[in-house]
Structure formats: C-alpha cells, structure tokens
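So the sequences go chain by chain: P and Z. Everything in the first sequence is counted per the working numbering, starting at 344 for the first residue and increasing by one. Everything in the second sequence is counted per the working numbering, starting at 344 for the first residue and increasing by one. Every residue, glycine too, gets a C-beta built ideally from N, C-alpha and C.
2 protein chains.
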Amino acid sequence: MKKADVVVLGGLSGITAGISCRRHYPDKKIILIRKEGTVLIPCGIPYIYGTVGGPENNVIPDGLLESNGIELIRGEAIEVDREKKTVVMKGGEIIGYEKLVFATGSVPLVPPIPGIDKENVYPVKKEFEYLSEVHSHMNMVKDLVIIGGGFIGMEFADECRKGRNINVTVVEAMPHCLQAAMDNEYCEEAQAKLEETGVGILVNQTVEAILGKKKVTGVKLSSGKELKADMIILGIGALPNTDLAKKAGLELGFRNTIKVDRYMQTYTDPDIFACGDCAEKQSFFDGRPTGVMLASIATSEARIAGANLFSPTHQNCGAISVFSTVINGRAFGVAGLTERCANQMRAKIVIGTAEAPDTHPGGMPNSCHTKVKLIFAKDTGVIMGGSICGGKPVGEMTNVLSACIMHRMTADDIVKFQMGTHPALTSSPIMYPIVNAACKAVIPLKASA
Amino acid sequence: MKKADVVVLGGLSGITAGISCRRHYPDKKIILIRKEGTVLIPCGIPYIYGTVGGPENNVIPDGLLESNGIELIRGEAIEVDREKKTVVMKGGEIIGYEKLVFATGSVPLVPPIPGIDKENVYPVKKEFEYLSEVHSHMNMVKDLVIIGGGFIGMEFADECRKGRNINVTVVEAMPHCLQAAMDNEYCEEAQAKLEETGVGILVNQTVEAILGKKKVTGVKLSSGKELKADMIILGIGALPNTDLAKKAGLELGFRNTIKVDRYMQTYTDPDIFACGDCAEKQSFFDGRPTGVMLASIATSEARIAGANLFSPTHQNCGAISVFSTVINGRAFGVAGLTERCANQMRAKIVIGTAEAPDTHPGGMPNSCHTKVKLIFAKDTGVIMGGSICGGKPVGEMTNVLSACIMHRMTADDIVKFQMGTHPALTSSPIMYPIVNAACKAVIPLKASA
Numbered sequence: 344m345k346k347a348d349v350v351v352l353g354g355l356s357g358i359t360a361g362i363s364c365r366r367h368y369p370d371k372k373i374i375l376i377r378k379e380g381t382v383l384i385p386c387g388i389p390y391i392y393g394t395v396g397g398p399e400n401n402v403i404p405d406g407l408l409e410s411n412g413i414e415l416i417r418g419e420a421i422e423v424d425r426e427k428k429t430v431v432m433k434g435g436e437i438i439g440y441e442k443l444v445f446a447t448g449s450v451p452l453v454p455p456i457p458g459i460d461k462e463n464v465y466p467v468k469k470e471f472e473y474l475s476e477v478h479s480h481m482n483m484v485k486d487l488v489i490i491g492g493g494f495i496g497m498e499f500a501d502e503c504r505k506g507r508n509i510n511v512t513v514v515e516a517m518p519h520c521l522q523a524a525m526d527n528e529y530c531e532e533a534q535a536k537l538e539e540t541g542v543g544i545l546v547n548q549t550v551e552a553i554l555g556k557k558k559v560t561g562v563k564l565s566s567g568k569e570l571k572a573d574m575i576i577l578g579i580g581a582l583p584n585t586d587l588a589k590k591a592g593l594e595l596g597f598r599n600t601i602k603v604d605r606y607m608q609t610y611t612d613p614d615i616f617a618c619g620d621c622a623e624k625q626s627f628f629d630g631r632p633t634g635v636m637l638a639s640i641a642t643s644e645a646r647i648a649g650a651n652l653f654s655p656t657h658q659n660c661g662a663i664s665v666f667s668t669v670i671n672g673r674a675f676g677v678a679g680l681t682e683r684c685a686n687q688m689r690a691k692i693v694i695g696t697a698e699a700p701d702t703h704p705g706g707m708p709n710s711c712h713t714k715v716k717l718i719f720a721k722d723t724g725v726i727m728g729g730s731i732c733g734g735k736p737v738g739e740m741t742n743v744l745s746a747c748i749m750h751r752m753t754a755d756d757i758v759k760f761q762m763g764t765h766p767a768l769t770s771s772p773i774m775y776p777i778v779n780a781a782c783k784a785v786i787p788l789k790a791s792a
Numbered sequence: 344m345k346k347a348d349v350v351v352l353g354g355l356s357g358i359t360a361g362i363s364c365r366r367h368y369p370d371k372k373i374i375l376i377r378k379e380g381t382v383l384i385p386c387g388i389p390y391i392y393g394t395v396g397g398p399e400n401n402v403i404p405d406g407l408l409e410s411n412g413i414e415l416i417r418g419e420a421i422e423v424d425r426e427k428k429t430v431v432m433k434g435g436e437i438i439g440y441e442k443l444v445f446a447t448g449s450v451p452l453v454p455p456i457p458g459i460d461k462e463n464v465y466p467v468k469k470e471f472e473y474l475s476e477v478h479s480h481m482n483m484v485k486d487l488v489i490i491g492g493g494f495i496g497m498e499f500a501d502e503c504r505k506g507r508n509i510n511v512t513v514v515e516a517m518p519h520c521l522q523a524a525m526d527n528e529y530c531e532e533a534q535a536k537l538e539e540t541g542v543g544i545l546v547n548q549t550v551e552a553i554l555g556k557k558k559v560t561g562v563k564l565s566s567g568k569e570l571k572a573d574m575i576i577l578g579i580g581a582l583p584n585t586d587l588a589k590k591a592g593l594e595l596g597f598r599n600t601i602k603v604d605r606y607m608q609t610y611t612d613p614d615i616f617a618c619g620d621c622a623e624k625q626s627f628f629d630g631r632p633t634g635v636m637l638a639s640i641a642t643s644e645a646r647i648a649g650a651n652l653f654s655p656t657h658q659n660c661g662a663i664s665v666f667s668t669v670i671n672g673r674a675f676g677v678a679g680l681t682e683r684c685a686n687q688m689r690a691k692i693v694i695g696t697a698e699a700p701d702t703h704p705g706g707m708p709n710s711c712h713t714k715v716k717l718i719f720a721k722d723t724g725v726i727m728g729g730s731i732c733g734g735k736p737v738g739e740m741t742n743v744l745s746a747c748i749m750h751r752m753t754a755d756d757i758v759k760f761q762m763g764t765h766p767a768l769t770s771s772p773i774m775y776p777i778v779n780a781a782c783k784a785v786i787p788l789k790a791s792a
C-alpha cells in the first residue's frame with residue numbers, strides 16, 4: 344500500500360495547500376490526488392472564449408507540484424476509510440495518509456428547468472476537455488443565451504463576442520445583474536457597459552423551459568416571451584463537491600459544505616482538514632456561515648490548512664469576500680459588505696463616496712475615471728466594506744480596501760492613510776478617492792457619535 | 344484689517360489643510376495666502392516636458408478652494424506677528440488669524456558648484472511661469488545634463504526625450520541612481536530601463552564645475568571628463584521653505600524644518616500648525632527625524648493639521664514613506680524601509696521575495712512581470728517595508744503594502760491576506776506575489792524564533 348504523510352484531494356486550493364504544507368513541513372511526503380488531467384485557472388475560464396484564445400492557455404502548470412516535491416496521482420478517489428486512514432481509488436489502489444485535506448471544490452448548480460438536459464446546454468464545469476468542446480462548439484453558434492447575470496455570466500457574455508458574430512442575451516432573475524455582489528448603482532453601470540457591446544440583458548426574468556427536440560432551439564421566459572438559442576451557458580452558481588466527504592462521515596454544515604473550525608480542521612476528524620469551495624465559510628463580519636465561493640478565499644484557506652496540518656496554530660479570520668471583475672474594459676471591485684448587505688443586517692452605517700481620475704493630471708494617457716464608495720459602522724467608525732469602479736488599478740485598490748478591512752481601520756485611520764502617488768499610476772495625493780471617501784464620512788460619523 | 348478664523352500659508356498641502364479644516368469646522372472663515380498664481384501638481388512636473396505637454400496641463404484647479412468656501416489671497420506673506428496674531432503682506436496689507444497653518448513647502452537645493460549661476464542652469468522650482476520658460480527653452484536644446492539621479496532627475500530624463508531629439512546624461516554622485524529610495528537590484532533595473540531609451544547615466548561622479556561664459560556650454564566631472572551641455576536640470580533635493588517661520592520665532596528642528604508634535608502643532612505656538620515639506624517629520628519606524636519629502640506625506644499631514652486646528656485630536660503616526668515612479672514604462676514602488684535602510688539601522692530582518700505576471704494567465708494582453716520583496720523584523724515577524732516593480736498596478740500594490748505596514752501586519756497576517764484577484768487586473772490567487780513573498784519569509788522567521 345502506498346502511503347504518505349499528507350494526502351490532498353483536489354484542484355486549485357489543493358495545490359496551494361500542498362505548497363503551504365511543504366513550506367511548513369519540509370520533510371513530509373505529500374501526495375495530491377485529482378481526477379482532472381489539467382487544472383484550469385478558475386477565474387480565467389470565461390476568458391478562454393475570447394481574450395485568452397482557448398483552455399490550453401489557461402492552465403496551472405504542474406511544475407509547481409514538482410518543484411515543491413509533491414507527488415501527483417491522477418485518478419478518482421471514491422472512498423475515504425477514516426478508521427484505516429486510507430483513500431480508495433476507482434482503480435482499486437489504496438493510499439494511506441496521516442493527514443488528509445479535502446480541497447474538492449465545487450460543481451456547477453444545474454437547476455431543474457424542463458429541457459435542461461438537451462444538447463448544447465452547458466453548465467460551466469472546470470474541466471479541460473469539456474470546456475474545449477464548448478470552445479469549438481461556440482464558433483458555430485448564432486444565438487447564445489446565458490442564464491444568470493453573476494460574474495460568470497457577465498464575463499462570458501463580454502468575452503464570447505470577441506472575434507465572433509453571435510447574438511448574446513443574459514437572463515437574470517433579480518432586478519439587476521451582479522446584484523448578489525454589488526450595490527445597484529455599480530450593477531447599473533456594469534450592465535450599461537455590457538449593453539454597449541451589443542449584448543442583450545433581460546432582468547427580473549427566469550427561464551421556464553428550454554425548447555427544442557434533441558438540441559436546444561430556444562428558451563421560454565417567465566414573461567411568456569421566447570428567445571432563439573442554439574447554445575445555452577448556465578452561470579447561476581455552484582454547489583460544494585462534498586459527496587465523498589459525506590460518504591466518509593464528515594459532518595456537513597451550511598449548504599452541504601464540510602464543517603471546519605478556524606484552523607480548517609474538520610469538526611469530525613482532527614486528522615482531516617478542508618479548504619476552498621467545499622469547506623464551510625464564516626463571514627469575517629458576523630461570523631455566520633456564508634455561501635461565498637472565491638478563488639482568493641480558497642487559496643487563503645489552503646495556506647492556513649497546509650500550515651496547520653501537524654499543529655493547528657494559524658487561524659482563519661473569516662471570509663471578507665474580495666473580488667473584482669472587468670466588463671467591456673471597465674473594472675469593478677468590492678471588498679467586504681455592500682450597502683445592501685449592511686442594510687440587510689440592519690447595521691447603522693455612514694457612507695462616504697469620492698471620484699477622481701486614476702492618474703494626475705487627469706490628462707495623462709489612459710486615465711480612467713474612478714469611483715469609490717466606503718461603508719463605515721456608525722457607532723465605531725470601523726470600515727465594513729467598499730466598492731470601486733475604474734480602470735486596471737481597481738484590482739489592487741480593492742486589495743487596499745481588503746487590508747483596511749482585515750485590520751479594522753476606522754475612517755479616521757483611512758483619512759491618515761499614507762498612499763504613494765504617481766502621475767501615471769494613481770490619483771493625485773489631493774484627490775486619492777479611498778482617502779477622500781473616508782474624509783467625507785468622518786463628519787457624519789462625528790455628528791452621530 | 345481683514346481677519347479670518349484660519350489663515351493658511353502655502354500651496355498643495357495648504358489646499359488640503361484648508362479643505363480638511365472646512366470639513367471639520369464648517370462655520371470657520373478660512374483664507375489661503377500664496378505667492379503663486381497657479382499651483383502645479385508637484386509630482387506631475389517632470390511630465391510637463393513629455394507626456395502632459397506643458398505646465399498648463401498640470402495645474403490644481405482653484406475651484407477646489409471656491410467649492411470649499413476658502414478665500415484665496417494671492418500675494419507674498421513677509422511677516423507673521425505672533426503677538427498680534429497677524430500676517431503682514433508684501434503690499435502692506437495685514438490679515439488677522441486665530442489659527443495659522445504653515446504649508447510653505449520646499450525650494451530646490453542649489454549646490455555651490457562653480458558656475459551654477461550661469462544661464463540655462465535650472466533648479467526645479469514649483470513655479471508655473473518658470474517651468475513654462477524651461478519648457479520653451481527645452482525645445483531648442485541639444486545636450487541636456489541632469490545633475491542628480493533621484494526621482495526628479497530620472498523622470499525628467501525619461502520624459503524630456505519624448506518628441507525631442509536631445510542627448511541626455513544623468514550624473515549621479517552615488518553608486519546607483521535612486522539609491523536613497525530603493526535597493527540596488529531595483530536601482531539597477533531602473534537604470535537599465537532608462538538607458539534603453541538612449542539616456543546616458545554616469546554614477547559615482549559629481550559635477551565639479553559648470554562651464555561656459557554667460558550661458559552653460561558644459562560640465563566638468565570629478566573624473567576630469569567634460570560633457571557638452573546647453574541646458575542643465577538640477578534635481579538633487581529640496582530644502583524646507585521656512586525663512587518666514589524662523590523670522591516669526593518658531594523653533595526649527597531637523598534640517599531647518601518647523602518643529603511640530605504629533606498633532607502638527609508647532610512646538611512654539613499652540614495657535615500655529617505646520618504640515619508638508621516645511622514641517623519636521625518623524626519616521627513611522629524609529630521615531631527619529633527624517634528628511635523625506637513626498638506629496639503623499641504632505642497631504643496626509645495636511646488632513647491631520649486641518650482637523651486638529653480647534654481641538655488637537657488626530658495623531659500623526661509618522662512618515663512611512665511610500666512612493667512610486669515609472670521609468671520607460673516600468674513602474675517601481677517602495678513602502679517603508681528598504682533592505683539598505685534596515686541594515687543601516689542594524690535591524691535583524693528576514694526577506695521574502697516573489698515574482699509573477701500581473702494577470703492570470705500570464706498570456707492576457709498587457710501582462711507585466713512583477714517582482715516583490717518584503718522585509719520583516721526577525722524577532723516579531725512584523726513587516727518593515729516592501730519594494731515592487733512591474734506594470735501600472737504597482738502604484739496600488741505599493742499602497743496595499745502601506746496599509747499592511749500602517750497596521751503592523753506580520754508575515755503570518757499577510758499569508759492569510761484575502762486579496763481579490765481577476766485575470767485582467769491581478770496575479771492569480773496562487774501566485775499573488777505580496778502573499779507569496781510573505782509565505783517565503785514565514786519559515787525562516789519560524790526557524791529564528
């Protein structure tokens with residue numbers, strides 16, 4: 344029987360957990376088991392269909408495993424025997440472990456819409472061959488309907504028209520696309536940017552049926568209207584991939600994720616850890632379970648899990664939820680709570696907003712108008728979240744906010760923030776919008792104190 | 344006699360101090376006095392000579408004063424009478440104040456080199472008409488020598504060849520350009536980038552004499568070599584503009600800056616505050632006086648001073664020193680201490696480095712290879728500084744580091760940092776170099792604990 348000190352089950356966060364384990368435990372034997380021949384960069388998947396040109400250009404190189412001395416076993420783990428501390432492979436092979444990490448990720452949610460199993464209806468699986476098939480197929484498509492206006496749906500819609508003459512329509516059940524992630528004014532701007540490219544957006548509508556005989560020919564909407572479609576992309580969310588964990592008797596929690604503590608150690612078995620989309624997450628803010636699934640959270644958890652395997656020391660502070668996207672060249676980012684979320688919690692908040700070009704003077708080339716909205720707790724002045732839109736720096740500005748949130752900075756702290764500025768790289772020191780948004784919140788905060 | 348609750352003397356940080364005062368004290372009458380007709384964006388000055396096209400495109404609009412109800416008086420303040428609490432103007436006008444803010448900035452350092460007063464030798468003054476004159480003159484120049492390879496010198500050298508056929512040589516006294524600000528490997532990369540544009544760089548050399556009769560014709564170097572020059576730009580540093588403060592009897596400190604406490608209140612007079620280049624700065628790290636002058640520090644101090652005028656409440660935590668620059672399209676940023684500074688302090692440190700493309704996959708358009716170097720205190724693991732080079736996001740990545748430093752995050756904290764990632768905007772969640780540099784420092788830190 345093959346045996347390792349550490350066996351990791353899974354893809355992206357599995358690689359990160361393995362590398363973290365290697366850093367902390369240089370002498371341990373580590374095996375990574377995964378079904379997929381190739382691991383795709385998950386956030387890059389929509390870009391396969393436009394900018395990046397194909398799934399082969401969106402791959403995480405396995406050289407990372409080799410250079411960290413992690414053995415890769417390709418195959419499907421079908422059982423975990425916690426008594427014997429073994430993993431049973433589909434081919435019958437048995438692999439022993441001392442510590443086991445579940446990093447089995449998520450699978451796309453496929454809703455029970457009549458006709459969902461017709462040909463050319465594609466949930467977004469993170470599988471290389473499958474996405475290759477979608478890629479070749481897309482070149483023959485005339486009318487594409489995307490069900491779900493979240494990140495995946497919006498990014499697919501933006502990308503798949505690049506170099507192709509396709510009619511694309513996004514169908515979203517909520518009043519706005521991206522509504523689960525952003526406040527209305529940002530959703531509206533993102534929608535308008537996407538519509539500029541010629542993509543159609545239908546909100547407040549669901550798909551009641553998928554039409555066609557063998558192959559999809561259209562969809563019937565809740566409004567009664569029918570749309571032509573020879574391809575459908577499903578982007579309405581994901582479910583944790585936890586069948587194997589359940590079978591192994593691990594306690595599942597919120598939405599069937601594996602229950603873990605702050606050390607990423609499973610509730611059930613101190614020798615088994617979990618991280619990434621398959622693991623339960625608590626919100627950084629209220630500590631309640633949250634369904635957010637982001638590659639950045641997954642890798643952060645993986646670093647914690649890998650470090651804790653032989654001595655639980657490093658604590659997970661909970662999911663802040665930090666992300667960014669680009670729609671038709673305009674970037675959007677959110678860190679922490681939106682105004683909508685804060686209101687849903689019944690939090691008393693003060694909002695500060697500011698706008699500025701992301702260069703100074705604004706006449707520098709490629710200058711991009713940037714908007715920032717920050718949300719502070721009324722009683723304490725502590726930042727609860729922020730939203731930004733603008734150009735390429737939005738990604739890292741969102742990360743500035745994440746650092747501010749992680750360390751619970753107050754509006755007063757952010758007013759004093761010492762940002763570096765440069766004409767070609769940032770807003771001016773007078774206009775820097777993260778600081779100015781905090782400045783605008785300080786007075787209402789003081790008045791309410 | 345004209346009278347105001349608050350009189351501010353100065354330019355950029357004066358505007359920011361005025362706006363901050365207005366936010367905190369909506370009913371106060373505020374007057375800003377300055378000599379200059381127009382205030383230039385200080386960091387934009389080198390870009391006047393290339394990308395931006397002229398000083399008229401690099402101006403801070405006075406609309407900011409109007410919209411904040413700040414009265415602007417153009418003229419030179421020649422005396423402050425602290426007994427009578429008045430400012431005396433050159434034309435004889437007297438203006439009374441309750442609180443006074445010195446934001447008088449700095450003036451270029453002009454070294455006593457023989458021949459320094461010849462025609463066409465230009466220290467970089469922050470004056471509109473003067474810089475316009477330099478601009479028109481530069482179009483007729485064939486051989487430009489820049490004395491000083493700091494930011495100003497390097498940025499001028501990079502910019503002034505844009506659209507002009509000039510021979511440009513930078514003469515630097517130290518072994519590397521930018522040496523006061525960056526570690527050697529970053530200095531070397533910046534120099535190589537500048538040399539690619541055709542600019543000549545001479546290090547370890549000083550200018551012993553400026554040659555020519557009335558007008559400059561060349562320089563004599565410490566090596567004995569002579570260089571042809573029909574224009575010289577001086578970029579070797581700045582001195583605080585504190586003659587008026589000295590005359591008013593305010594205590595001066597390090598390098599003739601006005602002595603202020605953590606509230607930006609002068610040591611001498613509780614009704615007088617100072618901020619920006621004219622005010623003494625203490626290092627965030629060791630609390631010692633530091634000569635660093637940055638627009639971002641100046642505006643941060645101005646926000647603190649403006650808020651404290653009628654009730655000293657907001658403390659300055661000291662200068663972290665955060666900046667970024669761009670040389671021939673490559674961006675460089677530093678927040679906090681360099682390795683060189685840490686070694687000079689005899690600090691025991693652990694360094695972590697990482698590299699990654701700033702998109703994921705790296706094949707996304709305009710992807711730029713990014714390098715990060717982080718410095719941690721060996722005993723505590725607290726971050727002391729970081730250096731980055733790469734593309735446009737470097738500006739805001741440097742600000743991520745500033746937030747980490749301001750809140751004294753440890754390497755363990757940064758390992759757990761929840762960064763948002765997006766294919767077009769950031770490195771991948773597996774490769775994000777700020778986090779990975781911290782990961783690499785964690786083990787040596789643990790070993791030394």
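Please check the pair residue i and residue j, which I expect to be a contact at CB under 8 Å, by giving their CB distance rounded to whole angstroms.
i	j	result
I692 of chain P	A662 of chain P	About 20 Å; that fails the 8 Å criterion.
V665 of chain Z	A678 of chain Z	4 Å
H480 of chain Z	M607 of chain Z	Incorrect: roughly 39 Å between the Cβ atoms, too far for contact.
N742 of chain Z	V737 of chain P	Actually they do not touch by this definition, with Cβ atoms about 13 Å apart.
K461 of chain P	G418 of chain P	Contact flag wrong, Cβ pair sits at about 31 Å.
D612 of chain Z	G448 of chain Z	Not quite, the Cβ-Cβ distance comes to about 20 Å (not below 8 Å), so this is no contact.
Judging by CA-CA distance, which residue of the options is the nearest neighbour of residue i?
i	options	result
S730 of chain Z	Z:G496, Z:I748 and Z:L788	Z:I748
V350 of chain Z	Z:S363, Z:F666 and Z:I373	Z:I373
F675 of chain P	P:P369, P:G734 and P:S771	P:G734
P498 of chain P	P:Y390, P:V635 and P:V758	The identity of residue 498 of chain P in the sequence shown is Glu, whereas the question assumes Pro. It is P:Y390 whose Cα lies nearest to the Cα of E498 of chain P.
E441 of chain P	P:D348, P:G506, P:E409 and P:I416	P:D348
A581 of chain Z	Z:V444, Z:E399 and Z:A622	Z:A622
T381 of chain Z	Z:N401, Z:T753, Z:P369 and Z:Y392	Z:N401
Please confirm if residue i has its CB atom under 8 Å from at least one CB of chain P.
i	result
Y390 of chain Z	yes
I647 of chain Z	yes
F628 of chain Z	no
C747 of chain Z	yes
T540 of chain Z	no
C782 of chain Z	yes
L474 of chain Z	no
R507 of chain Z	no
So that I know if they touch, is there some Cβ in chain Z lying closer than 8 Å to that of residue i?
i	result
T394 of chain P	yes
T723 of chain P	no
T633 of chain P	no
H657 of chain P	yes
H765 of chain P	yes
C660 of chain P	yes
What is the DSSP secondary structure of residue i, counted as helix, strand or coil?
i	result
S479 of chain P	helix
H799 of chain P	In the structure as shown, chain P begins at 344 and stops at 792. Residue 799 of chain P is therefore absent and cannot be evaluated.
C732 of chain Z	strand
L744 of chain Z	helix
Q625 of chain P	strand
G676 of chain P	strand
Q608 of chain P	strand
D722 of chain Z	coil
M752 of chain P	coil
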